[in-house]
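One structure is given here, and the rest of the page talks about it.
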Amino acid sequence: MKSLHDCLPLLFVVVFSLSWVNASANSNDYFLDCLFSYHPDGFTSFSKVIYTETNSSYSAVLESSIRNPRFSTPNTPKPLVIVTPSNISHVQATIHCSKKHGLQIRTRSGGHDFEGLSYVSQVPFVVIDLVHFRSIDVDVKKEEAWIQSGAVTGEVYYRINERTTNLTFPGALCHTVGIGGFISGGGYGFLFRKYGLAADNVIDAQFVDANGRVLDRRLMGEDLFWAIRGGGGGSFGIVLSWKVKLVHVPSTVTVFSVSRTLEQNATQLLHRWQYVAPNLPNDVYSVVSISSMNSTENGERTVLATFTSVFQGVADELIPLMQERFPELGLLKEDYIEMTWIESILFWNQLSNETSEILLDRSNRNSLVPLSYKSKSDYVRKPMPEIALQGLWSRLLEVNETSTAIVNIISYGGKMDEIPETETPFPHRKGTSYKINYNIVWQEEENSNPQRYISWMRTLYSYMGPFVSKSPRAAYVNYRDLDIGRNNDDGKTSYKQASVWGRKYFKNNFDRLVYVKTKIDPENFFKHEQSIPPRFH
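As numbered in mature numbering (1 follows the signal peptide of the UniProt record, and there is no 0), residues -25 to -1, 1 to 512 make up the sequence shown, in order.
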């Protein structure tokens, strides 16, 4: 039998929803009037970039970049208006009118926010979708590029590769990740052990603040320029474009990807990997992906560990290296596959049978079944004992066949050990052996009861506590996780409240982020459930 307390959330939702509907109808009209009157040709200028729920294209535009169906249910709050700006004045007008009429702004570049915060809010809100801000201007001679925030990583890789096959940008693994959010959180990929994070390779930016001012690095100053390169999206303003350094890649890279089950000594191999991978040369990206599966031998459940590496060089260099450092893995010569840099991106995204033009497909139509997911992250500074891994296996084996759990363990070291913790807001540098990314995914039709999957993830995360970083238990802001702490639903918070999650993402850099926020946005206009607060707000 439900108690009164069980019913309170439902009562709150009903009352809140009704008040939002009434407020929203008025806010919507006033907001649109404001936009259309912002400058003389307002209606002509805005009519093609505004979508309200009465517009036939509204749902298609909203859903075009929703990467997690968990945040696309009938009960998910929807934006009053979606603006897809085609010039800076559209962005300035949207900020001005949102402030004037008390609406929150959520800014979306690729839609990969793990908690849907780039397109969902619990209070009346507007989405600025940067889908039209996606130009990529490559200067091969200077080894630089200006990249707009709405471009996705695949577009960046493709456009640079069009001009030169020996340069690239240290972007994301997944080709549909939006550049804006990716760089805002730091951003790692195949090349981060050699060249650092994406944010480490930014040299200028074009930024719009809460007053609509357009600022570059010189005008914004070094504090704000520091904060936007890893301090997380949605706190300071809107970065429209980034000037980045391009980095060198060889004409040939080598990959291998081999899988081992528990019966094939996966436990011992992963235990050994912890000592090997962080000390490999900077040219090696190394990850182990772990999941449960039915054993082909006896039909019982087992754990599968897939060891994957991408090496910036030819197989004849990688083979002796792996034979010396990790002979236990038992790699054969035929396991090593040589390819171009751009082919390695296709390989990772399981697009090896496609041409590189597939990287221009923002929608990722290659993924036929939309999967909901919940993710978490950890950083590890000391190798886990085998007994800890065995406990992890037992929890993975609990997962039933309506869902899939995947744990990715990404080696650190290399260049990351050389960059100071305070260089950018991203602090997980020297002494970090590897990062863990936990995921549980399920079919969209299971969204009526996602809580059982989320609860399983929380139990796994609790189990891992003794074996990962402590004081704080660190996390990666681009693997956003509201379980580790949050502001209020309306984004308002205190320094103390925000410190709970803020120090996990940013360690002591959190205080400098608060200082910058207090200077650039003291009224806390740009806010969400994990945005940086001003100091005295």
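All C-beta atoms, glycine included, are put in the ideal place defined by N, C-alpha and C.
Predicted model, so just to flag it, every value in this text is computed and none were measured.
Cβ shell of ILE41 (< 7 Å), same chain only, five flanking positions each side left out: As a position in the sequence shown, residue 41 is number 66, starting the count at 1. Result list for ILE41: SER47, GLY86 and TYR94, in chain order.
ARG433 - containing alpha helix (DSSP H), residue span: As a working mapping, residue 433 is identified with position 458 in the sequence shown. Residues 426 to 439.
Beta-ladder partner(s) of VAL282, from DSSP: Translated into positions along the sequence shown, residue 282 becomes position 307. According to the sequence as given, residue 282 is Phe; it is not Val. VAL233 and VAL263.
Distance between ASN141 and PRO360 (C-alpha atoms, nearest Å): Counting from one through the sequence shown, the residue named residue 360 turns up at place 385. Counting from one through the sequence shown, the residue named residue 141 turns up at place 166. Near 41 Å, if we compare the C-alpha coordinates of ASN141 and PRO360.
Distance between LYS502 and GLY187 (C-alpha atoms, nearest Å): In the sequence shown, residue 187 corresponds to position 212, counting from 1. In the sequence shown, residue 502 corresponds to position 527, counting from 1. Approximately 16 Å, taken between the alpha carbons.
Contact check, LEU78 vs ILE57, beta carbons under 8 Å: In the sequence shown, the residue the question calls residue 78 occupies position 103. In the sequence shown, the residue the question calls residue 57 occupies position 82. The criterion of a C-beta distance shorter than 8 Å is not satisfied by LEU78 and ILE57.
Length of the line joining the Cα atoms of THR493 and LYS479: Residue 493 sits at position 518 when you count from the first residue of the sequence shown. Residue 479 sits at position 504 when you count from the first residue of the sequence shown. Answer to the nearest angstrom: the Cα atoms are 20 Å apart.
Cβ-Cβ distance between SER210 and ILE507 below 8 Å: Along the sequence shown, read from residue 1 onward, the residue named residue 210 stands at position 235. Along the sequence shown, read from residue 1 onward, the residue named residue 507 stands at position 532. Yes, the pair counts as a contact, with Cβ atoms nearer than the cut-off.
Between the CA atoms of SER266 and ALA241 - distance to the nearest angstrom: Within the sequence shown, numbered from 1, the residue matching residue 241 stands at position 266. Within the sequence shown, numbered from 1, the residue matching residue 266 stands at position 291. Rounded to the nearest whole angstrom, the CA to CA distance from ALA241 to SER266 is 11 Å.
Check whether LEU221 and PHE165 have beta carbons under 8 Å apart: By one-based count along the sequence shown, residue 221 stands at place 246. By one-based count along the sequence shown, residue 165 stands at place 190. No, the pair does not count as a contact, with Cβ atoms beyond the cut-off.
8 Å CB neighbourhood of GLU130 in its chain, flanking five on each side removed: For the purposes of this step, residue 130 is taken as residue 155 along the sequence shown, with counting starting at 1. Contacts found: ARG109, ILE111, LEU334, LEU335 and ARG337.
Euclidean distance between Cα positions of PHE442 and PHE182: Translated into positions along the sequence shown, residue 442 becomes position 467. Translated into positions along the sequence shown, residue 182 becomes position 207. Approximately 40 Å, taken between the alpha carbons.
Euclidean distance between Cα positions of GLY460 and SER350: One-based indexing of the sequence shown puts residue 460 at position 485. One-based indexing of the sequence shown puts residue 350 at position 375. Roughly 15 Å between the two C-alpha positions.
Alpha carbon of PRO44 to alpha carbon of ILE70, nearest angstrom: Position 69 of the sequence shown, counted from the first residue, corresponds to residue 44. Position 95 of the sequence shown, counted from the first residue, corresponds to residue 70. Rounded to whole angstroms, PRO44 and ILE70 show a C-alpha spacing of 28 Å.
Alpha carbon of ARG81 to alpha carbon of ALA363, nearest angstrom: As a first step, residue 81 must be located in the sequence shown, where it is residue number 106. As a first step, residue 363 must be located in the sequence shown, where it is residue number 388. Distance between the alpha carbons of ARG81 and ALA363: 40 Å.
Per-residue burial, GLU309 [other beta carbons within 10 Å of its own, 16 or more giving buried]: Within the sequence shown, the letter at position 334 stands for residue 309. That one is exposed.
Residue nearest to GLU197 in terms of C-alpha spacing, selected from VAL177, MET391 and TYR5: On the sequence shown, residue 197 is found 222 positions in, with the first residue counted as 1. Taking GLU197 as reference, the option from VAL177, MET391 and TYR5 with the minimal CA-CA separation is VAL177.
Residues bridged to GLN418 [DSSP beta-bridge criterion]: By 1-based counting over the sequence shown, the position of residue 418 is 443. Answer is LEU346, bridged to GLN418.
Endpoints, alpha helix (DSSP H) assigned at ARG83: Position 108 of the sequence shown holds residue 83. Here ARG83 belongs to no alpha helix (DSSP H); instead the beta strand (DSSP E) covers 79 to 83.
Residues near LEU343 in its chain [Cβ-Cβ closer than 8 Å; skip 5 each side]: As a first step, residue 343 is located in the sequence shown; it is residue number 368 there, counting from the start. Because the pLDDT of LEU343 is 49, which lies under 50, any placement of that residue in the model is unreliable, and the question is left without a value.
Local conformation of PHE481 per DSSP, three classes: If you number the sequence shown from 1, residue 481 lands on position 506. Helix at PHE481.
Secondary structure of ASP198, DSSP reduced to three states: For the purposes of this step, residue 198 is identified with residue 223 of the sequence shown, where counting begins at 1. It is helical.
Touch test, the region 417 to 434 against the region 306 to 320, Cβ-Cβ under 8 Å, three pairs minimum: no
The region 151 to 164 in contact with the region 212 to 219 per 3-pair CB rule at 8 Å: yes
Proximal residues to ASN269 (C-beta, below 8 Å), its chain only, five neighbours per side dropped: Within the sequence shown, the letter at position 294 stands for residue 269. Closer than 8 Å at Cβ, skipping near neighbours: GLU275, ARG276 and THR277.
Coil, strand or helix - CYS(-19) by DSSP: Walking along the sequence shown from the start, residue -19 turns up at place 7. Only weak support is given to the placement of CYS(-19): the predicted model assigns it a pLDDT of 41, under 50, and the question is left unresolved by the model.
Three CB pairs or more closer than 8 Å across the region 403 to 414 and the region 379 to 387: Yes, the region 403 to 414 is in contact with the region 379 to 387.
Buried/exposed call for VAL(-5), threshold 16 Cβ in 10 Å: Position 21 of the sequence shown holds residue -5. At VAL(-5), the pLDDT of 43 sits below 50, so the modelled position is not reliable and the matter cannot be decided from this model.
Whole beta strand (DSSP E) elements within the region 291 to 342, 3-residue minimum: 312 to 314
Inter-residue spacing [alpha-carbon to alpha-carbon] between GLY160 and GLY208: Here residue 160 is taken as the residue at index 185 of the sequence shown, counted from 1. Here residue 208 is taken as the residue at index 233 of the sequence shown, counted from 1. Their backbone Cα atoms lie some 7 Å apart in a straight line.
Own chain residues within Cβ distance below 6 Å of ARG204, not counting five before or after: Numbered from its first residue, the sequence shown carries residue 204 at position 229. In chain order, ALA174, VAL177 and THR399 place their CB closer than 6 Å to the CB of ARG204, counting only its own chain and leaving out the 5 sequence neighbours on each side.
Proximity to ALA68 [Cα-Cα], best of VAL355, TYR33 and TYR13: Here residue 68 corresponds to residue number 93 of the sequence shown, with the count starting at 1. For the residues VAL355, TYR33 and TYR13, the minimum Cα distance to ALA68 belongs to TYR13.
Extent of the continuous beta strand (DSSP E) to which ALA380 belongs: For this step, residue 380 is matched to residue 405 along the sequence shown. It spans 378 to 386 - the beta strand (DSSP E) in which ALA380 sits, taken as one unbroken run.
Identified DSSP bridge partners for LEU269: As a first step, residue 269 is located in the sequence shown; it is residue number 294 there, counting from the start. The residue asked about is misnamed: residue 269 is Asn in this sequence, not Leu. The bridge partners DSSP lists for ASN269 are ARG276.
Reference GLY171; option with closest CA among GLU393, LEU435 and SER39: Here residue 171 refers to the residue found at position 196 of the sequence shown. When each option's Cα is compared against that of GLY171, the closest is GLU393.
Cβ pair ALA180, ARG235 closer than 8 Å: Translated into positions along the sequence shown, residue 180 becomes position 205. Translated into positions along the sequence shown, residue 235 becomes position 260. Their beta carbons are not under 8 Å apart, which means ALA180 does not touch ARG235 by this criterion.
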